[in-house]
Structure formats: C-alpha cells, structure tokens
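Only one structure is covered here, and it is reproduced in the block below.
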Amino acid sequence: STREQKELGRKAAIKHGLPEILSELPSGIHSYERRFIIQRVVGYKTVYESINTYKIVLKDKKLLEKKCRELRIIPVFKGDYISLDNFPRRNIIKEEIIGEVFGKGMKSFEKKSYFDILEYIKLPISDDYAGLSHLNR
23 STREQKELGR
33 KAAIKHGLPE
43 ILSELPSGIH
53 SYERRFIIQR
63 VVGYKTVYES
73 INTYKIVLKD
83 KKLLEKKCRE
93 LRIIPVFKGD
103 YISLDNFPRR
113 NIIKEEIIGE
123 VFGKGMKSFE
133 KKSYFDILEY
143 IKLPISDDYA
153 GLSHLNR
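The opening position of the sequence shown corresponds to residue 23 in my numbering, with each subsequent residue numbered one higher.
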C-alpha cells in the first residue's frame with residue numbers, strides 16, 4: 023500500500039467515526055476496548071461464565087469490517103499478519119483479567135477485551151474484493 027492510500031483510509035475512518043489507529047493513541051490505550059463484569063461458577067467438572075466476552079468483541083470486530091467494506095477501506099489489525107516464523111498469527115482479540123472478588127461460592131471479575139488497528143488502507147477504484155477473502159470472515 024502507498025502512503026496516499028493509508029492517508030485516504032485514515033481520513034475516511036475518522037470521517038465515519040471508526041476507531042482510531044494505534045499510533046495516534048496514547049500509550050496503554052487501545053483502538054477498541056470493552057470491559058465486562060463476569061460471574062464464574064465452578065462446579066463438578068464444569069466452569070460456567072456469565073458472558074462470553076470473546077464472542078461479543080468478535081461480533082463488534084465483524085461489524086467494523088463490514089463498515090470498512092462499505093467505505094472501501096481495509097483495516098489492518100495488530101496480530102493479523104503472516105511471517106516466516108509465525109504462520110499464521112491470528113491473535114487479534116486479546117483479553118485481560120483486571121481484578122477479581124470471591125464470595126458466596128461465586129467468583130466475580132472484571133475483564134477487558136480489546137483489539138488494535140494499525141492502519142486503514144483505502145482501496146483504489148479499480149480493485150475489487152475478489153482477492154481479499156480474509157475480509158469476509
């Protein structure tokens with residue numbers, strides 16, 4: 023991608039209210055982040071959590087990708103690349119447990135789920151999405 027495509031992609035993303043790219047954010051802030059309070063019950067051979075945070079954030083990521091397709095821009099996510107020593111690396115959505123409390127047989131904890139966007143790239147008019155199958159996930 024060219025510098026011009028990146029600049030056009032960035033401008034389109036800002037204009038339409040999409041999450042900011044990682045390089046424009048202060049240290050420790052993510053492009054997209056959600057926090058959840060989760061109750062976990064541990065029983066005989068089972069662990070039940072009240073919310074599947076990964077699925078919720080994955081759904082939000084897919085909505086972002088759909089919006090980007092409509093705008094003809096490609097979001098480049100941190101962790102969404104292939105290198106020779108890491109084939110393929112797909113840990114785009116990350117989760118962290120921030121704090122936890124245990125009481126009455128139930129564990130409650132706060133969890134942060136997030137992903138980062140490295141760049142938005144504007145597609146030229148002549149290109150189509152035939153070769154971009156990774157956007158349809």
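Glycine residues also receive a C-beta, built at the ideal position from the N, C-alpha and C atoms.
Inset, instruction - Counting only the same chain and skipping the five closest in sequence on each side, list residues whose C-beta sits under 7 Å from that of Leu44. - result: Ser53, Lys100, Asp138, Ile139, Leu140
Inset, instruction - State whether the segment 24-43 contacts the segment 81-95, with contact taken as three or more CB pairs (one from each stretch) at a distance under 8 Å. - result: yes
Legend entry - Gly125 - containing beta strand (DSSP E), residue span: 116-125
Inset, instruction - Name the residue from Ile95, Glu118, Lys134, Asp102 whose alpha carbon lies nearest to the alpha carbon of Pro146. - result: Ile95
Legend entry - Lys129 and Glu118 closer than 7 Å at C-beta: no
Legend entry - Residue range of the alpha helix (DSSP H) that includes Gly31: 25-37
Inset, instruction - Can you say whether Pro97 is buried or exposed, counting buried as having 16 or more other CB atoms within 10 angstroms of its CB? - result: buried
Legend entry - Where Ser45 falls: helix, strand or coil (DSSP): helix
Legend entry - Ser72 beta carbon less than 7 Å from that of Ile60: yes
Legend entry - Nearest residue (CA-CA) to Phe58, options Arg32, Glu46, Val79: Val79
Inset, instruction - Quick one: grab the DSSP three-state call for Arg62. - result: strand
Legend entry - DSSP three-state assignment for Leu40, whether helix, strand or coil: coil
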